[in-house]
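Novice:
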Amino acid sequence: MHPPLDRPHPDCQNEIYGLQECHATTSKLKFWACNEVKFALDKCLKVEKIKLLEEMNKDYEAKRSAEEDVFQMALGKDISFEDYLKKDKDFNKAMDEKRKSA
Numbered sequence: 030m031h032p033p034l035d036r037p038h039p040d041c042q043n044e045i046y047g048l049q050e051c052h053a054t055t056s057k058l059k060f061w062a063c064n065e066v067k068f069a070l071d072k073c074l075k076v077e078k079i080k081l082l083e084e085m086n087k088d089y090e091a092k093r094s095a096e097e098d099v100f101q102m103a104l105g106k107d108i109s110f111e112d113y114l115k116k117d118k119d120f121n122k123a124m125d126e127k128r129k130s131a
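Each residue of the sequence shown is one higher than the one before, counting from 30 in the working numbering.
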């Protein structure tokens, strides 16, 4: 399955036109007649999705850090859970024992 082709896909427009033309000119009884065109469209849409995800997540670490800071401030705590665990002697002792036994 592919996403709806009625929304703009500027990088994949040639593949979309090719698939639409294949569907229009090929008998419906030939189920696999347009597979090669569909595979090219799928490959193009995958590349498009990867580019969109990279664009959306380019500043993920900064956003995540800001969210963590706001969350900690809302809880009234000045250190994160990870920092708390690093300072917790019982937790570190248990983790060391677990590493030794493994």
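Note that the Cβ used here is the ideal one computed from N, Cα and C, for glycine as well.
Write down the C-beta distance between H38 and E77 rounded to the nearest angstrom, noting that I regard them as a contact closer than 8 Å.
Specialist: For the purposes of this step, residue 38 is taken as the residue at position 9 of the sequence shown. For the purposes of this step, residue 77 is taken as the residue at position 48 of the sequence shown. Indeed, because the Cβ distance is near 6 Å, the residues count as touching under 8 Å.
Novice: State buried or exposed for E84, treating a residue as buried only when at least 16 other CB atoms are found within 10 Å of its CB.
Specialist: Within the sequence shown, numbered from 1, the residue matching residue 84 stands at position 55. Result: exposed.
Novice: Which value, in whole angstroms, describes the spacing of the CA atoms of L70 and K106?
Specialist: As a position in the sequence shown, residue 70 is number 41, starting the count at 1. As a position in the sequence shown, residue 106 is number 77, starting the count at 1. If you take the alpha carbons of L70 and K106, they lie about 50 Å apart.
Novice: In whole angstroms, give me the CA-to-CA distance for K118 and R93.
Specialist: Counted from its first residue, the sequence shown places residue 118 at position 89. Counted from its first residue, the sequence shown places residue 93 at position 64. Taking the straight line from one Cα to the other gives about 27 Å.
Novice: In this structure, does DSSP put K57 in helix, strand or coil?
Specialist: Start at 1 with the first residue of the sequence shown, and residue 57 comes out as number 28. Coil at K57, not helix or strand.
Novice: So, at 7 Å on beta carbons, what are the nonlocal neighbours of S130 in its own chain, with the 5 sequence-adjacent residues on each side left out?
Specialist: What you label residue 130 is simply residue 101 of the sequence shown in a count that begins at 1. Excluding positions up to five away in sequence, the list is empty.
Novice: Measuring CA to CA, which of N43, A62, L74 and G47 is closest to P33?
Specialist: On the sequence shown, residue 33 is found 4 positions in, with the first residue counted as 1. Closest by alpha carbon: L74.
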